[in-house]
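Per this note's numbering, residue 4 is the first one in the first sequence, and the count goes up by one each step.
Below is one structure, written out as structure tokens, with a few remarks after it.
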Amino acid sequence: MKLKVEDSFLLSHILKCGQTFRYEELGEEKFSVCSADRRIMIEQKGNIIDVSCSEEEFEKHWKKFFDLELNYGEVKEKIRKIEPKISDYIDKLYGIRILKQEPFEMFISFIISQNNSMTNIKKVVNNICEKYGEQKEDEFGVYYAFPTVEALSKVSREEFRELKAGFRDKYLVDAISKINSGEIDLNEFYGLSTNEGRKKLMTVKGIGRKVADCILLFGYYKMDVFPVDVWIRRALTNLYFEGQKVKDEVLLDKAYEVFGDLSGIAQQYVFYGIIDENKK
DNA sequence: ATCCAGGTCTGTT
DNA sequence: AACAGACATGGA
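Take a look at the structure:
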């Protein structure tokens, strides 16, 4: 099916900015994308996207995934007004959107993301899907669903090691066992405030503030979080503290004070903008 | 070879 | 409370 999208939509910006790991680049603005137990082929030409699924399937699953209910054009104007200094980043990464993904998939993916590179994260997540996810088939061939909690609850540290998770093996086991036992309820975070949710998430070994915030933002759509990594830290200290180092808490309070409920989106522009700047 | 990748944990001051 | 090192793995 084909669909018209607003100007604030570009597949490469959306998929390659480090919020999702189960996609493959097939060509110019052409990708395969997996989420939960689904897969689509999707290609963009100008404002038209061509998706391999039915209208019904798109409406039911992928419309939400790509956050098409929100008008990013308006959001961007608000952010520009709040902070004109990041206007260039918004121009450059005009097509980014915050994907709404499956919580469990975000737990696993972002635990793996710590001190790791994009390519390696993708590899390990895919290894886990291929080994423990249900095998599915569509018109393009075989693919794998993201594994269920149940399936991963039987996986040992050693087995995660074999899939190249490295030292994060024990963190994965801890997170999965807490979810499987009900100590952590995947649904409870929808009803918790960002602060309460973060506190709960950080009871898991291997989930610190950064990983917790990514789970809240990409898995639960908490738009008031502002995940801080080395890049963001550098950008924010330059913007607001004249390059002098300050505690993360101070930095985050400042970010929230400035961007409020637009923090999640603003952070994406800043993050990808900085990365992009440093690539060359 | 050395350093670093969307960090976090642990042990020392 | 603040800081240093360790940690698996792979790519530059």
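Ideal placement from N, C-alpha and C gives every residue a C-beta, glycine not left out.
Contacts around residue i, its chain only, beta-carbon distance under 6 Å, and the 5 residues preceding and following it disregarded
| i | result |
| --- | --- |
| His-16 | Leu-96, Gly-98 and Ile-99 |
| Cys-37 | Arg-25 |
| Leu-330 | The structure shown does not extend to residue 330, since the chain is modelled only from 4 to 283, so the question has no answer here. |
| Met-205 | Ala-215 |
| Glu-105 | Ala-39 |
For residue i, the residue or residues it bridges with in DSSP
| i | result |
| --- | --- |
| Cys-20 | Beta-bridge pairing links Cys-20 to no other residue. |
Simplified DSSP state of residue i, which is helix, strand or coil
| i | result |
| --- | --- |
| Gly-169 | helix |
| Glu-140 | strand |
| Tyr-174 | helix |
| Tyr-243 | helix |
| Val-273 | helix |
| Leu-29 | strand |
| Lys-283 | Low confidence applies to Lys-283: its pLDDT is 42, below 50, so where it sits in the model is not reliable, and the reading given next is rough at best. Three-state result, Lys-283: coil. |
| Lys-5 | strand |
| Tyr-135 | helix |
| Val-145 | strand |
| Ile-101 | coil |
| Phe-107 | helix |
| Val-158 | coil |
| Leu-13 | coil |
| Thr-151 | coil |
| Ser-116 | helix |
| Gly-267 | helix |
Rounded separation between residue i and residue j - CA only
| i | j | result |
| --- | --- | --- |
| Glu-165 | Asp-232 | 28 Å |
| Phe-192 | Ser-112 | 17 Å |
| Lys-139 | Lys-103 | 22 Å |
| Arg-236 | Asp-251 | 8 Å |
| Trp-234 | Asn-241 | 11 Å |
| Asp-70 | Glu-32 | 18 Å |
| Glu-27 | Ser-90 | 30 Å |
| Ile-218 | Gly-136 | 21 Å |
| Pro-230 | Asp-216 | 5 Å |
| Ser-180 | Glu-162 | 15 Å |
| Gly-49 | Met-4 | 15 Å |
| Phe-12 | Asn-74 | 10 Å |
| Ile-268 | Gly-21 | 13 Å |
| Gly-276 | Pro-87 | 14 Å |
| Val-158 | Phe-110 | 16 Å |
| Phe-149 | Ala-39 | 5 Å |
| Glu-60 | Gly-246 | 48 Å |
| Glu-108 | Val-249 | 33 Å |
| Asp-10 | Lys-213 | 30 Å |
| Ala-154 | Val-261 | 42 Å |
| Val-8 | Arg-160 | 44 Å |
| Glu-58 | Glu-46 | 15 Å |
| Val-273 | Phe-244 | 16 Å |
| Asn-123 | Leu-18 | 16 Å |
| Asn-129 | Thr-23 | 12 Å |
| Glu-62 | Asp-53 | 14 Å |
| Ile-120 | Ser-184 | Reading the sequence as shown, one finds Ser at residue 120 and not Ile. Computed Cα separation, rounded: 31 Å. |
Beta-carbon contacts of residue i that lie in its chain and below 8 Å, excluding the five residues immediately before and after
| i | result |
| --- | --- |
| Val-145 | Gln-138 and Lys-139 |
| Lys-283 | Annotation note: pLDDT 42 at Lys-283 (below 50); position unreliable, no value reported. |
| Leu-265 | Val-78, Lys-81, Ile-82, Ile-85 and Met-226 |
| Gly-209 | Ile-114, Gln-117, Arg-171, Lys-173, Tyr-174, Leu-175, Asp-177 and Ala-178 |
| Ile-51 | Lys-5, Leu-6, Lys-7 and Val-8 |
| Gly-30 | Glu-46 |
Chain-order list of residues whose beta-carbon lies under 7 Å from that of residue i (same chain, five-residue window excluded)
| i | result |
| --- | --- |
| His-64 | Arg-41 |
| Thr-197 | Leu-219, Lys-225, Asp-227 and Val-228 |
| Tyr-92 | Tyr-272, Val-273 and Gly-276 |
Runs of alpha helix (DSSP H) wholly within the stretch 32-95 (minimum 4 residues, chain order)
Every alpha helix (DSSP H) stretch that sits fully inside the stretch 32-95 and reaches 4 residues is listed by chain position as 75-85 and 90-95.
Ranges of the beta strand (DSSP E) found wholly within the stretch 188-265, counting only runs of at least 3:
For secondary structure counted as the beta strand (DSSP E) over 3 or more consecutive residues, the stretch 188-265 holds no complete run.
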